[in-house]
Amino acid sequence: MPRLFSGWRLAHGRGLAADGRPHPYVRAALGKTLFETIEQSELPDDQTYIIHRGTNVYVVLNVYPYTSGHVLVIPNKGVESVHDLSDEVYAELWTMVRKAASAVKAAFDPHGFNIGLNEGMAGGGSQPDHLHVHVVPRWRADTNFMTSVAEVRILPQTLSQSYERIVKNWPSAGHA
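For reference, each letter of the sequence shown is one residue, going 1404 to 1579 in our numbering.
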């Protein structure tokens, strides 16, 4: 029987990212959500994969991506529901989603996107205490039996390579 090795899954259990980098923020600091801990970390942004920081929102590469280029747009302050966002943060969140999609489009040229959020545990949220928006690039025929049968994702590049491509393609001020 052929065997597939996915060493990063072992790394995940030890608190490492998909590319094997250590992530000291895997366990949230006392009194903070995981995403608040990442945003407030003293580590350089290229270590935490923070692509862009706005006033109230930041964009980070998902360290357990569905596909290469999968990013998260996250309010700096943890809230559980879209209803808990101020008008200012709500507006910045969705403006940043558009910019993130533009950067990912320029970096990877996907055929489409899945953009959305999973609110609460019942809604499928893995971090229900901190609302975040997924921006997932998609390509025609990008799914195969691996995802549904073996729960395996095929990523053609490392997280560092994805990070560099998106940062390089981040829209300049005034452009979406």
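Glycine included, every Cβ here is placed at the ideal spot set by N, Cα and C.
Measure the alpha-carbon distance for residue i versus residue j and round it to whole angstroms.
| i | j | result |
| --- | --- | --- |
| R1501 | G1434 | 31 angstroms |
| L1496 | P1574 | 15 angstroms |
| Q1564 | I1477 | 21 angstroms |
| T1561 | A1503 | 19 angstroms |
| R1406 | Y1566 | Residue placement at R1406 is poorly supported in this model, since its pLDDT is 46, which falls under 50; the coordinates still yield a value, given next. The alpha-carbon atoms of R1406 and Y1566 are separated by roughly 29 angstroms. |
| S1529 | E1442 | 18 angstroms |
| A1525 | P1531 | 9 angstroms |
| V1429 | E1439 | Note that V1429 has pLDDT 49, beneath the 50 cutoff, so the model's placement of it is unreliable and the number below is only indicative. Going by the C-alpha atoms only, they are around 11 angstroms apart. |
| R1568 | Y1493 | 27 angstroms |
| H1486 | E1522 | 10 angstroms |
| T1451 | N1479 | 14 angstroms |
| V1536 | L1475 | 5 angstroms |
| P1540 | G1527 | 19 angstroms |
| P1491 | P1468 | Residue identity check: residue 1491 is Glu in the sequence provided, not Pro. Distance between the alpha carbons of E1491 and P1468: 28 angstroms. |
| M1499 | V1460 | 8 angstroms |
| L1464 | V1538 | 10 angstroms |
| P1559 | S1471 | 7 angstroms |
| L1437 | H1473 | 18 angstroms |
| G1481 | T1458 | 14 angstroms |
Assuming residue i and residue j form a contact by the criterion Cβ under 8 angstroms, report the distance between their Cβ atoms to the nearest whole angstrom.
| i | j | result |
| --- | --- | --- |
| H1455 | V1466 | Actually they are not in contact, since the Cβ atoms of H1455 and V1466 sit about 16 angstroms apart, beyond 8 angstroms. |
| L1534 | S1484 | 7 angstroms |
Provide the residue(s) that pair with residue i in DSSP beta bridges, ordered along the chain.
| i | result |
| --- | --- |
| P1540 | F1516 |
| R1456 | Y1461 |
| I1477 | Y1461 |
Can you name the start and end residues of the beta strand (DSSP E) that residue i belongs to?
| i | result |
| --- | --- |
| L1433 | Counting along the chain, L1433 falls outside any beta strand (DSSP E), and DSSP gives it neither H nor E. |
Just reading off the alpha helix (DSSP H) that residue i is part of, what are its end residues?
| i | result |
| --- | --- |
| T1451 | 1448-1451 |
| M1352 | An answer regarding residue 1352 cannot be provided, because it is not within the stretch 1404 to 1579 covered by the chain. |
| S1444 | Segment: none, S1444 is in no alpha helix (DSSP H) and carries neither H nor E. |
| Y1566 | 1562-1571 |
task: Assess, as a yes-or-no matter, whether the region 1507-1523 is touched by the region 1559-1572 under the definition of 3 or more beta carbon pairs within less than 8 angstroms.
output: Using a Cβ-Cβ distance cut-off of 8 angstroms, the region 1559-1572 and the region 1507-1523 are in contact, since at least three pairs of beta carbons, one from each stretch, lie closer than that value.
message: Quick test of the definition: if touching needs 3 or more C-beta pairs under 8 angstroms, does the region 1440-1459 touch the region 1517-1528?
response: Cβ pair count under 8 angstroms is below three, so no.
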